[in-house]
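Visitor:
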Amino acid sequence: RAIVVVEGPSEVIALPAFAEQIGYSLDRDGISVVPADGNSFSYILRACNNEHFSVLTVVTFDTDALESSNDLLNEAYKAGLINEEIRNAGKNGSAEARQRTLKAIGWIPVIPNFEEEIARIGYLPLILKVIDEAGATQSLENFLTTKNLTNNAHGVAEFLNGSRHGKGLKVPVARAVANEVEIIGHIPDCFDRAIRQAVTLATRG
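Going by the working numbering, the first residue of the sequence shown is number 6, and it counts up by one from there.
Rendered as structure tokens:
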């Protein structure tokens with residue numbers, strides 16, 4: 006009945022647990038979580054809205070993807086959500102301007118990505134535990150030193166998204182978060198909004 010479009014598999018793993026934390030069941034409420042993997046937003050949105058059927062959608066996007074790329078505005082343009090003038094303006098605009106454009110069409114920003122969102126709201130010790138259990142603590146420390154970062158939410162998220170070893174831990178981190186969300190008790194506001202909006206759309210649909 007409704008789809009939440011997300012960046013990748015980490016969100017697909019975590020969102021059902023996030024939904025349960027705020028009193029919903031994605032299965033019961035008829036909501037699917039679909040990963041766009043950065044470059045499939047327009048394909049998914051066109052598939053959900055064609056001449057044969059229409060599926061209600063809620064779109065989330067990582068704001069770090071806007072720092073040096075107009076790709077997300079290109080995806081919105083290909084999906085028919087913005088015109089060519091707005092798309093082209095994004096090429097020379099700032100990341101903040103691109104973000105405002107996407108928010109104006111109803112997309113929900115994840116700032117700057119899933120990993121940093123969860124690390125900021127209480128999951129950092131859990132993330133560090135996953136890294137340690139994977140034998141990657143030294144890799145994390147080396148990365149932080151090389152990049153002149155600290156062992157905080159931003160630095161650890163950068164490791165998970167910006168290093169080969171870290172990228173391999175993103176799914177285990179998401180699984181750990183899904184398993185512990187009831188204990189930690191917090192979910193990022195962006196995903197709270199996305200889930201509630203999808204439930205509202207599915208119910209109305």
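Glycine is no exception: its CB is placed at the ideal position from the N, C-alpha and C atoms.
Counting C-beta neighbours from all protein chains within 10 Å, is the total for residue 192 16 or more, i.e. buried, or is it exposed?
Guide: Within the sequence shown, residue 192 is the residue found at index 187, counting from 1. Its Cβ being crowded by 16 or more others within 10 Å, residue 192 is buried.
Visitor: With respect to the alpha helix (DSSP H) encompassing residue 38, which residues constitute its N-terminal and C-terminal limits?
Guide: Along the sequence shown, read from residue 1 onward, the residue named residue 38 stands at position 33. Taken as a continuous stretch (DSSP letters only), residue 38 belongs to no alpha helix (DSSP H), being part of the beta strand (DSSP E) at 36-40.
Visitor: Return the bridge partner residues of residue 66 from the DSSP annotation.
Guide: The count along the sequence shown starts at 1 and reaches residue 66 at position 61. The partner list for residue 66 (beta bridge, DSSP) reads 114.
Visitor: What is the residue span of the beta strand (DSSP E) that residue 7 lies within?
Guide: Walking along the sequence shown from the start, residue 7 turns up at place 2. 7-11 is the extent of the beta strand (DSSP E) around residue 7.
Visitor: Please go through the same chain and pick out, in chain order, the residues whose beta-carbon is closer than 8 Å to the beta-carbon of residue 76, but skip the five residues on each side of it.
Guide: Start at 1 with the first residue of the sequence shown, and residue 76 comes out as number 71. Hits under 8 Å: 43, 44, 70.
Visitor: Taking its Cβ as the centre, do 16 or more other Cβ atoms sit within 10 Å of residue 32, making it buried, or is it exposed?
Guide: Position 27 of the sequence shown holds residue 32. Answer is exposed; the Cβ neighbour count stays below 16.
Visitor: Is the distance from the Cβ of residue 7 to the Cβ of residue 207 below 8 Å?
Guide: Locating residue 7 in the sequence shown gives position 2, where the first residue counts as 1. Locating residue 207 in the sequence shown gives position 202, where the first residue counts as 1. Taking 8 Å as the Cβ cut-off, residue 7 and residue 207 qualify as a contacting pair.
Visitor: Determine, using beta-carbon pairs with one atom in the segment 183-203 and one in the segment 148-157, whether at least three such pairs fall under 8 Å.
Guide: Contact between the segment 183-203 and the segment 148-157 is absent, because fewer than three Cβ pairs lie under 8 Å.
Visitor: Pull up the distance between the alpha-carbon of residue 202 and that of residue 63, whole angstroms please.
Guide: To locate residue 202, count along the sequence shown from 1; it is residue 197. To locate residue 63, count along the sequence shown from 1; it is residue 58. Taking the straight line from one Cα to the other gives about 7 Å.
Visitor: Pick from 68, 39, 108, 177: whose alpha carbon is nearest that of residue 60?
Guide: Looking up residue 60 in the sequence shown gives position 55. The candidate whose alpha carbon is nearest that of residue 60 is 39.
Visitor: In angstroms, rounded to a whole number, what distance separates the CA positions of residue 117 and residue 107?
Guide: Indexing the sequence shown from 1 puts residue 117 at position 112. Indexing the sequence shown from 1 puts residue 107 at position 102. So the alpha carbons of these two residues sit roughly 14 Å apart.
Visitor: Per DSSP, which residues does residue 54 bridge with? Please list them.
Guide: Here the question's residue 54 lines up with position 49 in the sequence shown. DSSP, once it has assigned bridges, lists 59 as partnering residue 54.
Visitor: Would you report the Cα separation of residue 128 and residue 92, rounded to the nearest angstrom?
Guide: By 1-based counting over the sequence shown, the position of residue 128 is 123. By 1-based counting over the sequence shown, the position of residue 92 is 87. Cα-Cα distance, rounded: 36 Å.
Visitor: Can you say whether residue 143 is buried or exposed, counting buried as having 16 or more other CB atoms within 10 angstroms of its CB?
Guide: On the sequence shown, residue 143 is found 138 positions in, with the first residue counted as 1. When all chains shown are included, residue 143 counts as exposed.
Visitor: Measure the C-alpha to C-alpha separation of residue 130 and residue 90 and round it to an integer number of angstroms.
Guide: By one-based count along the sequence shown, residue 130 stands at place 125. By one-based count along the sequence shown, residue 90 stands at place 85. So the two alpha carbons sit approximately 45 Å from each other.
Visitor: Under 8 Å by Cβ, that's how I've got residue 162 and residue 121 pegged, so tell me the actual separation to the nearest angstrom.
Guide: Stepping through the sequence shown from its first residue, residue 162 is reached at position 157. Stepping through the sequence shown from its first residue, residue 121 is reached at position 116. With a Cβ gap of about 4 Å, residue 162 and residue 121 count as contacting.
Visitor: Just to confirm the assignment, what range does the alpha helix (DSSP H) spanning residue 170 have?
Guide: Stepping through the sequence shown from its first residue, residue 170 is reached at position 165. Taken as a continuous stretch (DSSP letters only), the alpha helix (DSSP H) holding residue 170 covers 169-172.
Visitor: I need the straight-line Cα distance from residue 182 to residue 22, nearest angstrom please.
Guide: Position 177 of the sequence shown, counted from the start, is the residue given in the question as residue 182. Position 17 of the sequence shown, counted from the start, is the residue given in the question as residue 22. Taking the straight line from one Cα to the other gives about 9 Å.
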